[in-house]
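Okay, structure first, notes after.
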Amino acid sequence: MTLEDYILQHIDEEPEYLYRLYRATNIHMLHGRMASGHLQGRLLKMLVRMIRPKNILEVGTFSGYSALCMAEGLGDEGHLYTFEINDEQEDFTRPWIEQSPLADKITFIIGDAIKEAPRLGITFDMAFIDGDKRTYRETYEMVLSLLRPGGFIIADNTLWDGHVVDPAYDRDKQTVGIETFNDYVANDQRVEKVILPLRDGLTMIRKKDEERGTTDTAS
């Protein structure tokens, strides 16, 4: 038994619908391992339970696995807006979302989130970034501008299979995008941040509360 097997045996079970989706993703889609999977999916649901967001923004729907996991954790009034820039994935992903028991909690949008998400006019409490690695920094700035003070951003793939510390990938555009994002967030004083070495790296970011001005009063 591997350590991963042990972990999976000691956490909540993967729902049957998500098990079928993960299997179909790996059979029918290129790079199927990009789907969040059992462990990360249960973590995403737990984080939603803890943060209790009303509105979640996801950048990078892929097959819809992570969207469904986060939607599981939403309260009655909660809603998730998920953007996928690759319109070729819509025929696979949309039926899995719309035929799920959580369909009413998810709005699936084909388009560039950097351009389209601000047009929603929504302030978000939580965001999950899992889109084009080459534009992670730009995506982060867009998301941060829509996030309430005290809100959370979860960024996936921030260790990029270890490539961020491997000089052999110094010219790879996706690796450079992740490295640029990691360096930028590390030095961003507007947020608190921590990287979890889970799967491919998961960065948790909290937007700091707005500073309140103080007024001196004479006694």
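Residue numbering for the sequence shown follows my numbering, beginning at 8 and increasing consecutively.
Beta carbons are placed, not taken as given, at the ideal position from N, Cα and C, and that holds for glycine.
**OP:** Please report the residue range of the alpha helix (DSSP H) in which Phe-188 lies.
**Re:** 180-193
**OP:** Kindly provide the ranges of any beta strand (DSSP E) runs that are 3 or more residues long and lie completely inside the region 50-117, ordered along the chain.
**Re:** 62-66, 86-91 and 113-117
**OP:** Using only alpha-carbon positions, find the residue among Phe-90, Glu-95 and Ala-134 that is nearest to Lys-122.
**Re:** Phe-90
Subject >> Exposure label - His-170; buried when at least 16 CB within 10 Å >> reply: buried
**OP:** Please list, in chain order, all residues of the same chain as Asp-19 whose beta carbon is under 7 Å from its beta carbon, the five residues on each side excluded.
**Re:** Arg-49
Subject >> First through last residue of the alpha helix (DSSP H) which encompasses Thr-146 >> reply: 143-153
Original post:
So, using beta-carbon positions, are Asp-163 and Asp-207 closer together than 8 Å?
Top reply: yes
Original post:
Can you name the residues that DSSP bridges to Val-201?
Top reply: Met-211
Subject >> Contact check, Lys-112 vs Gly-85, beta carbons under 8 Å >> reply: yes
Original post:
In chain order, what residues of the same chain lie with their CB nearer than 6 Å to the CB of Asp-119, ignoring the 5 residues before and after it?
Top reply: Ile-92
Original post:
If you run the structure through DSSP and keep just helix, strand and coil, what is Pro-22?
Top reply: coil
**OP:** Drop a sphere of 10 angstroms on the beta-carbon of Thr-9, count the other beta-carbons inside from all chains shown, and report buried for 16 or more, exposed for fewer.
**Re:** exposed
Subject >> Ala-134: first and last residue of the uninterrupted alpha helix (DSSP H) it sits in >> reply: Unbroken run through Ala-134 is the beta strand (DSSP E), 131-136; no alpha helix (DSSP H).
Original post:
What's the C-alpha gap between Thr-142 and Asp-177?
Top reply: 16 Å
**OP:** Quick one: give me the first and last residue of the alpha helix (DSSP H) that Lys-1 is part of.
**Re:** Only positions 8 to 226 of the chain appear in the structure, and residue 1 is not among them; the question remains open.
**OP:** For Glu-79, count neighbouring Cβ atoms within 10 angstroms of its own Cβ and tell me buried if that reaches 16, exposed if not.
**Re:** buried
Original post:
How many Å lie between Glu-145 and Glu-23 at the Cα?
Top reply: 36 Å
Original post:
So is Tyr-29 buried or exposed if we call it buried at 16+ other beta carbons inside 10 Å?
Top reply: buried
Subject >> Simplified DSSP state of Gly-158, which is helix, strand or coil >> reply: strand
Original post:
Is the CB-CB distance between Val-150 and Val-66 below 8 Å?
Top reply: yes
Original post:
Just the Cα atoms here: how many angstroms apart are Ile-14 and Phe-135?
Top reply: 23 Å
Original post:
Roughly how many whole angstroms lie between the Cα atoms of Ala-225 and Glu-217?
Top reply: Summary for Ala-225: the model assigns pLDDT 44, below 50, so the residue's position carries little reliability; its value from the coordinates is reported in the next sentence. Whole-angstrom Cα-Cα distance: 25 Å.
Original post:
So, is Gly-157 buried or exposed, given that buried needs 16 or more other C-beta atoms within 10 angstroms?
Top reply: exposed
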